Structures are given as C-alpha cells and as structure tokens.
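Below you'll find the structure, written out as structure tokens, and then a few comments.
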Amino acid sequence: MLIDDVADLLKEVSSEVILPRFQRLGEGDVFEKTPGDVVTVADRESDALITTALLKLRPGSRVVGEEACAADCTILQGLDNGSVWLVDPLDGTANFAAGRGPFSVMVALLNDGEPILSWMLAPISGEMCVAERGSGAVVNGTRLVTTEPDPADLRGAFLTKFMPEEVSKRVGASSIGLATLPGLLCAGAEYPAVAKGDRHFAVFWRTYPWDHAPGMLFLEEAGGAVRRPGGQRYSVASEENGLVLARTPATLDTVVGKIEF
448 MLIDDVADLL
458 KEVSSEVILP
468 RFQRLGEGDV
478 FEKTPGDVVT
488 VADRESDALI
498 TTALLKLRPG
508 SRVVGEEACA
518 ADCTILQGLD
528 NGSVWLVDPL
538 DGTANFAAGR
548 GPFSVMVALL
558 NDGEPILSWM
568 LAPISGEMCV
578 AERGSGAVVN
588 GTRLVTTEPD
598 PADLRGAFLT
608 KFMPEEVSKR
618 VGASSIGLAT
628 LPGLLCAGAE
638 YPAVAKGDRH
648 FAVFWRTYPW
658 DHAPGMLFLE
668 EAGGAVRRPG
678 GQRYSVASEE
688 NGLVLARTPA
698 TLDTVVGKIE
708 F
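Numbering of the sequence shown is given in our numbering, commencing with residue 448 and proceeding in unit increments.
Put into structure tokens, the structure is as follows:
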C-alpha cells in the first residue's frame, strides 16, 4: 500500500541517514546555499535516497525536491501537470545543524497540482503525520480532528525572518491582541502543532511547495484551513508570498481580519 510504503521509506531514511548525524555533524558537513540558508550532508543524502525510492513506487511520476531545486529551479515548472512528488528531505535544517529540534522529513504527492497524499515524520519523536485527500488526517495511526479554540485566547507564530522589513512592521503592528509564540523554524512541525492545538495559527512569508503542500493537506483534512492573506487558496504553482494557516476556518478568518500584509 502506497501510504505504508512511503511511511516506511521515511522512517528508514530517518534512522539510517538523519539521526546518526544528529548532533554529530563534522567539519565540512554543513554548507551555506545562500546567506543564512544552510544545507547538510544529511539533507543531500536523504534527498537522493527518497527520490530514487519514490520514482520506483510510482513509475511515470517525477520528483521535485528542495535540494534539487537549489541546483535547478526550472524543475518547478509544470507542478500542476501529472503525478509529482514534492520532497523536503530535512525540513528545519538550521535546527538540525545547530543540534536541536524540531526537524522533519516531508513528502506530498500531487495529482495535476492538487495534493492527494502527504507524510510528515518527526525523526526525534517518531511521530508520523499522514493525510489522504477526502479520507482524513492521522497521527501515528490515530485520526485527528480539530476543535474550535477560544477566540479570546488565540496564540501562534509569525515567521518574519524572510519578510521584507516594511511587511514585517505592518504585520507586527496589526497583530495586537494575538498572543505571539516563537516560530518553530520548521514547517513540518508548525502544521502538526496547529492541527493538534498546541498553537492556533501560523503566518509565513515564503511559500515553497515542499514546505507547505504536505502540511496543508494534513491540516485541511484535520479540519483546519490554509489561505493566502487575500483569502485565496494556496496553489503549489503560485509564486506569491504570504500564507496563513489556522486550526479552524473561523480562526483563520479572525487572524486574517486582524493582520495587515
């Protein structure tokens, strides 16, 4: 079964490639892709293993991953056409390189641009989040359904690192009344945290498809909502910035109604 095959693949890569290097990275194991954006040997090795295995699991598909895109971003073209795997082989690399969590391994399967299956594995805890379009979201095999938080007690994260300064100032000034939590620096941890109610929303600027398609499907299938600041649904083929995710559609409306991009 495809759901189990991919889950097993991520667990194998985690145990054989990622965890053995956690807090054991040596000199020359960490590289800077762009200023402030790092990659490790664990990212690259897990990317290669996952890519090879996924192509065997679904002949005729193609793989678009974060590390492959760093070398050639033309592979982002045509995400809305056919069967495409999105892969983030080690989300939260900065945390991993610093010897701390959280970090995640994420995969989503697209059909003509629509996420239909997704997996997010937290290597440290072993928590596996899986979602299938129309069939719900599960955490370690248990169905997850969101509940409405108290509107007076909303708390969440504003991921402002990559926002232009003027946007960050507007967002900060308009978010009064929303309790701000530190960002987890890992989309593969932010989405499950919102779905489970550990926090109620998150606001992102960068919206790379491998960062958001897996979590979007998971959160929506659990009962949450993901939208652009203007209310549009997130599309993996769009290059727009700005994304708001929330535990419920009503919570998302409240957050979007307060903040100004």
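Just so it is clear, CB atoms sit at the ideal spot from N, CA and C, and this is done for glycine as well.
Values in this document were obtained by computation on a predicted structure and should not be read as measured data.
Residue 683: not part of any beta strand (DSSP E); DSSP gives it neither H nor E. Taking 9 Å as the cut-off, the Cβ atoms of residue 629 and residue 604 count as close. Relative to residue 504, the option among 655, 532, 462 and 562 whose CA is nearest is 532.
With contact defined as three or more Cβ pairs closer than 8 Å, the region 504-514 and the region 459-471 are not in contact. Using a Cβ distance threshold of 9 Å, residue 555 and residue 566 count as a contacting pair.
Listed in chain order, the beta strand (DSSP E) elements of length 3 or more contained wholly in the region 510-538 are 530-538.
The Cβ atoms of residue 564 and residue 574 do not sit closer than 9 Å to each other.
Leaving aside the five residues that flank residue 627 on each side, the residues in its chain whose CB is nearer than 8 Å to its CB run, in chain order, 602, 603, 604 and 605. Straight across, the Cα-Cα distance linking residue 514 with residue 609 is about 19 Å. Per DSSP, reduced to three states, the secondary structure at residue 567 is strand.
One Cα belongs to residue 477, the other to residue 490, and the distance between them is close to 10 Å. Following the DSSP letters along the chain, one finds residue 579 inside the beta strand (DSSP E) bounded by residues 574-579. Residue environment analysis places residue 457 among the buried positions, since at least 16 neighbouring C-beta atoms fall within 10 angstroms of its C-beta. Proximity to residue 657 across 674, 633, 650 and 679 peaks at 633, based on C-alpha coordinates. Residue 694 holds the alpha-carbon nearest to the alpha-carbon of residue 645 among 520, 516, 694 and 702. Out of 500, 705 and 452, the CA that lies nearest to the CA of residue 623 is found in 705. The Cβ-Cβ distance between residue 586 and residue 648 does not fall below 9 Å. Non-local C-beta neighbours of residue 492 in its own chain, meaning closer than 6 Å and more than five positions away in sequence, comprise 464, ordered along the chain. For residue 553, DSSP records a beta bridge to 535 and 567. For the set 475, 699 and 486, the Cα lying nearest the Cα of residue 597 is the one of 699.
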